[in-house]
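Below is one structure, written out as structure tokens; the observations come after it.
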Amino acid sequence: MSKQFQFKLVLLGESAVGKSSLVLRFVKDQFDDYRESTIGAAFLTQTVTLEDQTTVKFEIWDTAGQERYKSLAPMYYRNANCAVVVYDITQTASLEKAKTWIRELQRQADPSIVIALCGNKLDLSARRQVTEEEASKYADEEGLLWSETSAKTGEGVNAIFNAIAKKLPLTAPPSARGARAAAPGTTRQNVDLNRQPTARGGEACNC
Amino acid sequence: MDNHFDIIVLGTGLTESITAAALSKAGFKVAHIDPNPYYGGDEASLSLDELVQWVDHYKEDNHSVTHYGEVPPHARQYSVSLAPSVIPSIGPFISSLIASGVSRYGSFKLLGRVVIYDGGILKNVPQSKDDIFQSKAMSLLEKRRVTRFLMFAAGEFENSKELHGQENSPLLDFLHRIFLLSEATARAITYALGYCCFISETTLPALHRIRAYLKASGRYGSSSFLVGYYGGSGEIAQGFCRAAAVRGGVYILGRSVTGISSVDPTELENPVLTSDLPRFAVEVDDFPDRLHCRCLISSTTLLPGHLRTLADVSRPSISSCSSPRPFAMARCIAIVNGPITLPLDTEGSGTSEVSDSSLLVFPPGSLSGGSAISAVHVMTAGPGTMSAPSGKGILYISMPLHTNSIHSAEILLRPYLTAVLSLFRAEQQQQKTLICSTFYMQELVSCLSSTSDSLVGLLAVPSFSPHTTQGVDEAAIVAEAIFRKAASCLNGERKEINQGCEQHVFWPLLDEVEEGEGNDMQW
Chain A
1 MSKQFQFKLV LLGESAVGKS SLVLRFVKDQ FDDYRESTIG AAFLTQTVTL EDQTTVKFEI
61 WDTAGQERYK SLAPMYYRNA NCAVVVYDIT QTASLEKAKT WIRELQRQAD PSIVIALCGN
121 KLDLSARRQV TEEEASKYAD EEGLLWSETS AKTGEGVNAI FNAIAKKLPL TAPPSARGAR
181 AAAPGTTRQN VDLNRQPTAR GGEACNC
Chain B
1 MDNHFDIIVL GTGLTESITA AALSKAGFKV AHIDPNPYYG GDEASLSLDE LVQWVDHYKE
61 DNHSVTHYGE VPPHARQYSV SLAPSVIPSI GPFISSLIAS GVSRYGSFKL LGRVVIYDGG
121 ILKNVPQSKD DIFQSKAMSL LEKRRVTRFL MFAAGEFENS KELHGQENSP LLDFLHRIFL
181 LSEATARAIT YALGYCCFIS ETTLPALHRI RAYLKASGRY GSSSFLVGYY GGSGEIAQGF
241 CRAAAVRGGV YILGRSVTGI SSVDPTELEN PVLTSDLPRF AVEVDDFPDR LHCRCLISST
301 TLLPGHLRTL ADVSRPSISS CSSPRPFAMA RCIAIVNGPI TLPLDTEGSG TSEVSDSSLL
361 VFPPGSLSGG SAISAVHVMT AGPGTMSAPS GKGILYISMP LHTNSIHSAE ILLRPYLTAV
421 LSLFRAEQQQ QKTLICSTFY MQELVSCLSS TSDSLVGLLA VPSFSPHTTQ GVDEAAIVAE
481 AIFRKAASCL NGERKEINQG CEQHVFWPLL DEVEEGEGND MQW
């Protein structure tokens, strides 16, 4: 029987490095040259099937632009199992920003979080400012996954999400993992507000 | 950054955040600013190291605050609320949570027990008719009287003969005289079912609350209330802000607003469209350009004095909210060692699950050395709502105050903290050691009633309601009122061009784009 796991994945990185494009390529296999800053979805989901038929479902959270003025809420990092921190290989400064985000993740997020450092815009390698050696050396030191991608051509995109799926701890029982896992040691008593027949509570007395 | 917005919202309290999300979802261009580096304002959920910073900052502003004890390890694993509250399972707030999609960002669970301190011990407050029948503490006659009252309160009591002429008499008195209830029962109903803050509170608003909470019981389980994870309101405010950001809202935290001025249209260099003229210019620390907007929504506390009297203030206008508003809240946050499941008299405790989220009510006059006129609420939280690391617990003690108090929050609340800790000790036969405690006074800015010459497009959000059970519903009601005022203020101008008068729905149906499930989602 194949197992399914669900994980929360958060995206981080400076504005305009291609965070949303990367996800759009991964989830929809599309690319839009003229995408402006992110307006759109609460979160997207995409499933990766590993060789042993285990399926890993990513619940992917975009920053929704809240990173721009350092206004990302703690809620964004909560229960994140993995993170993709993106920089632009044609902008040295964007790698420095990525390093800041990685420090922030190490401070804010769960210590077991799987972090992938991702150098995007590989299609523009003629204008490369960040060398592969420099980035991969840093990733090694920090124990991060690392690769380069092009959201435009699709190169390397699936590979990095696959690599994350493989690195995630798939040993715990599926129910204990995932974005909405209950606190350890407590019985699951969560109330799912959306799964109620009276979802809108409309005509009820609103006093 | 383009520095022209339809709306600028100042403050990220719950009301402001709901308003920002609704306006952003309705298609308006919103900038949302908070001088604090965290979301939630006076209702924020903070980690313990953030709480210590908050204490230092609060002191600087000449507020009374005292803090004892060292910050324990794993300070970041705590989420403490500056204004703890519960969420009624039916009501405007939960409707907004679901209709906006924000409920998916948070986790919720049922409130565990509600207990009342009576004659030196804790008594379970029956949550249902079954509980009442099983109760051994009440005589058969008393049970029948209680049942009669609950039937009355759950029904259309507005035009009943029982209520006629009694609307403004104190609820306690009404329960004695009209329903012949014993003192203990009347107290339990007044303070742990109607959640009156003060001894003198009148019958009608309390009856509205009781009816709402009776209806709310059973929607998700036996309790009428839910509690949010990670400190509740402050966390949920972040969810509404994310919803606004997802729809294009711009977020600027940790920068103060250094000036707000109304704009004289003739001074503008390049007026874009006559109908889109900004009315306000906002100067933000570190921003080279001023931000412009046509509608400015601000929490009263962040509005400069000269603009306070010129703003249109929205108030909840429903009968359950007509109880007198407290002038201030004396609050205590105490971190203790050991799990905090509320102790209880043994009766009837077999069936329910153990929860570390509970509400303990001290009626006025119930504790010697305590308040004779205010009801004091003690909420507990812990690992069950991811509010504290395992083995630790949080006690929130709050006392509403009628008027300015000559005493500090610590003097007012210390007796309650001592009493609660000794109740735990007696029951669980183990020492509950206090790790650290913070006492503070939260003053609620009373908003001046708006005059007829208020500035067009300037909307003030009144101080949040500190009521434990009703606060979040009031936030949703006020947010909807402000949303409508802002939308009509902005549309009034557009109408001239478009000739169309679109009525904005507070929360339009969630479209597929926002549904977080399934692979075939649109971006």
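In order, the protein sequence lines correspond to chains A and B. full-length UniProt numbering puts the first residue of the first sequence at 1, with every later residue one more than the last. full-length UniProt numbering puts the first residue of the second sequence at 1, with every later residue one more than the last. Backbone N, C-alpha and C fix where the C-beta goes; we use that ideal spot for every residue, glycine too. Since the model is a prediction, treat every value here as computed from it, not as a measurement.
Can residue i and residue j be called in contact, C-beta distance under 9 angstroms?
i: B:Ala154; j: B:Leu214; result: yes
i: B:Cys332; j: B:Leu48; result: no
i: B:Ser405; j: B:Met441; result: yes
i: B:Thr19; j: B:Ala486; result: yes
i: B:Ile394; j: B:Leu413; result: no
i: A:Asn194; j: B:Arg104; result: yes
i: B:Ile90; j: B:Gly228; result: no
i: B:Leu303; j: B:Leu10; result: yes
i: B:Arg290; j: B:Ser262; result: no
i: B:Thr12; j: B:Cys241; result: yes
i: B:Leu401; j: B:Met329; result: yes
i: B:Ile116; j: B:Pro316; result: no
i: B:Val445; j: B:Thr309; result: no
i: B:Val102; j: B:Ala243; result: yes
Considering just the uninterrupted stretch of the alpha helix (DSSP H) at residue i, what are its terminal residues?
i: A:Ala74; result: First, the amino acid is wrong: residue 74 of chain A is Pro here, not Ala. That run of the alpha helix (DSSP H) goes 74-77.
i: B:His208; result: 203-216
i: B:Ile178; result: 171-179
i: B:Gln53; result: 48-60
i: B:Lys123; result: Segment 121-124 is the beta strand (DSSP E) holding B:Lys123; no alpha helix (DSSP H) there.
i: B:Tyr191; result: 183-192
i: B:Ala31; result: First-last for B:Ala31: 30-34, but that is the beta strand (DSSP E), not the alpha helix (DSSP H).
i: A:Glu148; result: Run containing A:Glu148: none in the alpha helix (DSSP H); it sits in the beta strand (DSSP E), 145-148.
i: B:Tyr220; result: No alpha helix (DSSP H) contains B:Tyr220, which DSSP labels as neither H nor E.
i: B:Gln134; result: 129-134
Counting along the chain, where does the beta strand (DSSP E) carrying residue i start and finish?
i: A:Trp61; result: 55-61
i: B:Asp118; result: 114-118
i: A:Cys82; result: 82-88
i: B:Tyr440; result: 434-443
i: B:Tyr396; result: 392-401
i: B:Arg331; result: 328-337
i: B:Tyr230; result: Per DSSP, B:Tyr230 belongs to no beta strand (DSSP E) and is neither H nor E.
i: B:Met379; result: 376-381
Interface residues of chain A around residue i at Cβ under 9 angstroms?
i: B:Leu97; result: Leu193
i: B:Ser299; result: Ordered by position in chain A, no residue passes the 9 angstroms Cβ test against B:Ser299, which lies about 17 angstroms from the chain.
i: B:Tyr230; result: Pro74, Met75, Arg78
i: residue 528 of chain B; result: Since the displayed chain B opens at 1 and closes at 523, residue 528 of chain B lies outside it and no answer follows.
Can you find the residues in the same chain that come closer than 8 angstroms, C-beta to C-beta, to residue i, ignoring five residues on each side of it along the sequence?
i: B:Ser160; result: Phe152
i: B:Gly248; result: Ser24, Lys29, Val30
i: B:Leu175; result: Phe149, Leu181, Thr185, Ala186, Ile189, Thr190
i: A:Ser15; result: Ser37, Gly65, Glu67, Arg68
i: A:Val27; result: Leu44, Thr45, Gln46, Ile60
i: B:Arg219; result: Ser89, Ile90
Kindly list, in the order they appear in chain B, the residues whose Cβ is closer than 7 angstroms to that of residue i.
i: A:Tyr69; result: Tyr251, Ile252, Leu253
What residues of chain B sit near residue i, judged by a beta carbon separation below 8 angstroms?
i: A:Asn81; result: The premise fails here: A:Asn81 is roughly 15 angstroms from chain B at the closest Cβ pair, so nothing lies under 8 angstroms.
i: A:Arg25; result: Within 8 angstroms Cβ-Cβ: nothing; A:Arg25 doesn't reach chain B, min ~11 angstroms.
Quick one: list the residues of chain A neighbouring residue i, beta-carbon separation under 7 angstroms, in chain order.
i: B:Ala245; result: Ala64, Gly65, Gln66
i: B:Cys241; result: Ala73
i: B:Gly101; result: Ala42
i: B:Glu235; result: Met75
i: B:Val226; result: First, the residue type needs correcting, since residue 226 of chain B is Leu and not Val in the sequence shown. Val191, listed in chain order.
So, for residue i: in the same chain, excluding its five sequence neighbours on each side, which residues have a beta-carbon less than 6 angstroms away from its beta-carbon?
i: B:Gly338; result: Lys432
i: B:Val461; result: Thr15, Glu16, Ser299
i: B:Gly112; result: Ser355, Ser357, Ser358
i: A:Leu9; result: Phe58, Ile60, Cys82
i: B:Ser390; result: Pro383
i: B:Trp507; result: Ala99, Ser100
Since residue i meets chain A, which of its residues come closer than 8 angstroms, beta carbon to beta carbon?
i: B:Arg104; result: Ala42, Asn194
i: B:Gln127; result: Chain A residues near B:Gln127: none, gap ~15 angstroms exceeds 8 angstroms.
So, at 7 angstroms on beta carbons, what are the nonlocal neighbours of residue i in its own chain, with the 5 sequence-adjacent residues on each side left out?
i: B:His504; result: Ala26, Ala487
i: B:Gly259; result: Glu283
i: B:Phe483; result: Thr19, Ala22, Leu23, Phe506
i: B:Ser374; result: Cys197, Phe198, Pro364, Met399, Pro400, Leu401
i: A:Ala176; result: Its pLDDT being 39, under 50, A:Ala176 is placed unreliably in this model, and the value from its coordinates should be taken loosely. Excluding residues within five positions, none has a Cβ falling inside 7 angstroms.
The stretch 27-44 of chain B: positions lying closer than 7 angstroms to chain C by Cβ: Any reference to chain C falls outside this structure, whose protein chains are A and B.
Residue ranges of each beta strand (DSSP E) run of no fewer than 3 residues wholly in the stretch 69-113 of chain B, ordered along the chain? 108-110
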